[in-house]
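Residue numbers (my numbering), protein chains in the order written: chain A, 1 to 113; chain B, 1 to 114.
Comments concern the structure below.
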């Protein structure tokens with residue numbers, strides 16, 4: 001079965017640079033979630049989209065923005081990167097924003113030097 | 001404020017025995033609970049879930065028990081196999097203001113010894 005696809009899998013950036021992470025949800029899933037997981041921590045919710053509209057916002061810094069496109073894929077744009085942004089970024093998708101299981105992608109490991 | 005707590009950071013179990021992972025939550029608005037398994041450098045993989053209207057859900061070797069009055073759930077794996085060694089995250093979900101909120105526990109690292 002098709003899973004959530006994330007690209008790139010690994011990314012190395014310098015401080016103050018920008019980064020764009022992409023997420024392709026499971027086919028027919030219309031809701032996308034972004035999470036950040038720091039070393040030794042649990043995943044922290046950043047932002048979610050349902051039918052291309054932002055549905056919820058968590059602890060996403062103002063330097064980050066995201067959107068969901070007409071094909072339901074989503075992009076997380078990160079600007080003015082800081083050392084503390086180094087983390088695993090997971091995307092998850094679900095079928096509608098209800099009591100539905102979220103399925104996670106493999107993650108993008110971002111390292112900011 | 002940790003709304004979902006997994007108080008055991010690690011657990012070591014003999015192969016073939018039962019593994020019991022525990023999770024506590026504080027917010028009574030949570031009505032759907034999930035367990036995810038995570039290997040290093042991979043995303044969390046959905047294992048099993050339970051709705052708040054049930055107290056038990058079983059899927060093969062995995063059983064999740066929910067005690068709503070105690071705000072406690074547990075994951076039982078029996079028999080435990082070496083491939084079960086991973087970090088297990090408990091997650092609680094609530095549908096609030098048109099969006100699903102999923103809150104994770106800190107994870108428990110399960111090691112199955114041969």
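Every residue, glycine too, gets a C-beta built ideally from N, C-alpha and C.
- Within the segment 46-80 of chain B, those residues whose Cβ lies closer than 9 angstroms to any Cβ of chain A are, in chain order, 46, 49 and 51.
- At the C-beta level, residue 74 of chain A and residue 90 of chain A stay beyond 7 angstroms of one another.
- A straight-line Cα-Cα distance of about 19 angstroms links residue 83 of chain A and residue 45 of chain A.
- Taking all protein chains in view, the Cβ of residue 85 of chain A is crowded by 16 or more other Cβ atoms within 10 Å, so the residue is classified as buried.
- Residue 14 of chain B is classed as exposed because its beta carbon has fewer than 16 other beta carbons within 10 Å across all chains shown.
- Residue 83 of chain A sits in a helix when the DSSP states are folded into three classes.
- Note: residue 68 of chain A is bridge-paired with A:74 in the DSSP secondary-structure output.
- The shortest C-alpha to C-alpha distance from residue 26 of chain A to any of A:111, A:107, A:109 and A:102 is the one to A:102.
- With respect to chain B, the C-beta atom of residue 68 of chain A has no partner C-beta closer than 7 angstroms.
- In the same chain as residue 72 of chain B, and ignoring 5 residues on each side of it, the C-beta atoms closer than 6 angstroms to its own belong to 24, in chain order.
- For residue 55 of chain B, the secondary structure class from DSSP, reduced to helix, strand or coil, is coil.
- Secondary structure note for residue 50 of chain A: its beta strand (DSSP E) is the uninterrupted segment 44-50.
- Annotated as distal: residue 34 of chain B and residue 70 of chain B, with beta-carbon spacing of 7 angstroms or more.
- Counting along the chain, the unbroken beta strand (DSSP E) around residue 109 of chain B starts and ends at 108-113.
- Less than 7 angstroms separates the beta-carbon of residue 61 of chain B from that of residue 77 of chain B.
- By the Cβ neighbour-count rule, residue 12 of chain B is exposed, with fewer than 16 other Cβ atoms within 10 Å of its own.
- Contact between residue 88 of chain A and residue 13 of chain A is ruled out by a C-beta separation of about 15 angstroms, above the 8 angstroms threshold.
- Using beta-carbon distances, residue 11 of chain B does not count as an interface residue toward chain A, since no partner is under 7 angstroms.
- For residue 84 of chain B, the three-state secondary structure derived from DSSP is helix.
- Between residue 55 of chain A and chain B, the shortest Cβ-Cβ separation is below 7 angstroms.
- In terms of Cα proximity to residue 112 of chain B, the closest of B:21, B:2, B:93 and B:99 is B:21.
- A Cβ of chain B is located within less than 7 angstroms of the beta carbon of residue 102 of chain A.
- When DSSP states are grouped into helix, strand and coil, residue 109 of chain A belongs to the strand group.
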